[in-house]
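Undergrad: Okay, so the sequence shown: first residue is 24 according to the working numbering, each after it adds one.
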Amino acid sequence: MNRCAVAAIGLVSSVAVSAGDAATVRLSDLAGDPPNQGIDRQQRSATGEESPRFTLGSGDRLRLSVFGHADLSGEFGVGEQGTVSLPLIGSLRLGGLTISQAERQIVEAFKPDYLLDPQVSIEVLNYRPFYILGEVRNPGSYPYVIGMTVTEAVALGGGFTHRARKEKVVVIRGGDAAKREVELPTTALILPGDVVKVRERFF
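#1: Report, in whole angstroms, the separation of the C-beta atoms of residue 84 and residue 103, which I expect to be a contact under 8 Å.
#2: Does the segment 113 to 130 come into contact with the segment 148 to 163, if we say contact requires no fewer than three beta-carbon pairs (one atom in each stretch) closer than 8 Å?
#3: As a quick exercise: from 202, 205, 196 and 160, pick the residue whose alpha carbon is nearest that of residue 185.
#4: Thinking C-beta only, is residue 145 closer than 9 Å to residue 125?
#5: Under 8 Å by Cβ, that's how I've got residue 208 and residue 220 pegged, so tell me the actual separation to the nearest angstrom.
#6: For my contact list, residue 121 and residue 76 are in at a C-beta cut-off of 8 Å; report their separation, rounded to the angstrom.
#7: For residue 194, I'd like the list of residues in its chain whose CB is within less than 6 Å of its CB, leaving aside the five on either flank, ordered along the chain.
#8: Just verifying my parser: in three-state terms, what is the DSSP assignment at residue 127?
#9: How would you label residue 151, buried or exposed, when you count the other beta carbons within 10 angstroms and need 16 or more for buried?
#10: For residue 129 versus residue 148, is the C-beta distance shorter than 9 Å?
#11: Check residue 174 in the structure and name its three-state DSSP category.
#12: Would you list the one or two residues that DSSP bridges to residue 192?
#13: Which one of 111, 87, 175 and 78 has the shortest CA to CA distance from residue 212?
#14: Rounded to a whole number of angstroms, what is the C-alpha to C-alpha distance between residue 112 and residue 163?
#15: Using the beta-carbon count (16 or more within 10 Å), is residue 181 buried or exposed?
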């Protein structure tokens, strides 16, 4: 076999492998994304810092697709305890998991008793709201929008009051078992379920 033939075979093999890898990446990385590419795939915030990781929680509405099994697919809500009631499986705790982790959890629950080689994807149809409290004009809960910053959250809350400390806010994030309080600049991204607290400044 001459060199040209060998090179051609190598090129075809390389393209085939690359195409297969790309298909695998698309299935595993994109199938579970919410609409508009999803916050689980955000790369960096406006400050250049790594984005916070989105995890499922009470109030999220999901679409589960089980490939080849329409009877097991459908729309499901995450309950108050972070659980989702699924066909065959029953109640499964997904709260606190990323989309990819939740997909793996469901796969493990389906096999081997129900499905030999389950392939699933999760899409978030509706995110749980976030809350803004403290020194804003209209405190309360508001619908979450992908890519929302603290500044945009404050704007939804009617803007700062004259007593507000405007440089940084406190964000309470996480479920009951892992709730934590962090101080963030107003350029930082927020997540569904976050409680944004605008503190009073000291004169």
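No residue lacks a Cβ here, since even glycine has one placed at the ideal position from N, Cα and C. On a predicted model such as this, the values are computed, not experimentally measured, just so you know.
TA: The answer reads as follows:
#1: For the purposes of this step, residue 84 is taken as residue 61 along the sequence shown, with counting starting at 1. For the purposes of this step, residue 103 is taken as residue 80 along the sequence shown, with counting starting at 1. Going by Cβ atoms, the distance from residue 84 to residue 103 rounds to 14 Å, so no, they are not a contact pair.
#2: Not touching, per the Cβ criterion.
#3: Taking the first residue of the sequence shown as position 1, residue 185 is located at position 162. Cα-wise, what sits closest to residue 185 is 160.
#4: Translated into the one-based positions of the sequence shown, residue 125 becomes position 102. Translated into the one-based positions of the sequence shown, residue 145 becomes position 122. In this structure, residue 145 lies closer than 9 Å to residue 125 by Cβ.
#5: Locating residue 208 in the sequence shown gives position 185, counting from the first residue. Locating residue 220 in the sequence shown gives position 197, counting from the first residue. Between residue 220 and residue 208 the Cβ distance is about 14 Å, and since that is not below 8 Å, they are no contact.
#6: Indexing the sequence shown from 1 puts residue 121 at position 98. Indexing the sequence shown from 1 puts residue 76 at position 53. About 6 Å; that satisfies the 8 Å criterion.
#7: On the sequence shown, position 171 is the one that residue 194 refers to. So the list reads 205, 207, 217 and 219, once near-sequence residues are dropped.
#8: Stepping through the sequence shown from its first residue, residue 127 is reached at position 104. Three-state DSSP puts residue 127 in a helix.
#9: The residue given as residue 151 occupies position 128 in the sequence shown. With a threshold of 16 other beta carbon atoms within 10 Å, residue 151 meets it and is buried.
#10: Taking the first residue of the sequence shown as 1, we reach residue 129 at position 106. Taking the first residue of the sequence shown as 1, we reach residue 148 at position 125. Residue 129 places its beta carbon 9 Å or farther from that of residue 148.
#11: Translated into the one-based positions of the sequence shown, residue 174 becomes position 151. Residue 174: helix per DSSP, three-state reduction.
#12: Indexing the sequence shown from 1 puts residue 192 at position 169. Bridge partners of residue 192: 207.
#13: The count along the sequence shown starts at 1 and reaches residue 212 at position 189. Of the candidates 111, 87, 175 and 78, the one whose C-alpha sits nearest the C-alpha of residue 212 is 175.
#14: Position 89 of the sequence shown, counting from 1, holds the residue named residue 112. Position 140 of the sequence shown, counting from 1, holds the residue named residue 163. Their Cα atoms are separated by approximately 36 Å.
#15: On the sequence shown, residue 181 is found 158 positions in, with the first residue counted as 1. Exposed, because fewer than 16 other Cβ atoms sit within 10 Å of the Cβ of residue 181.
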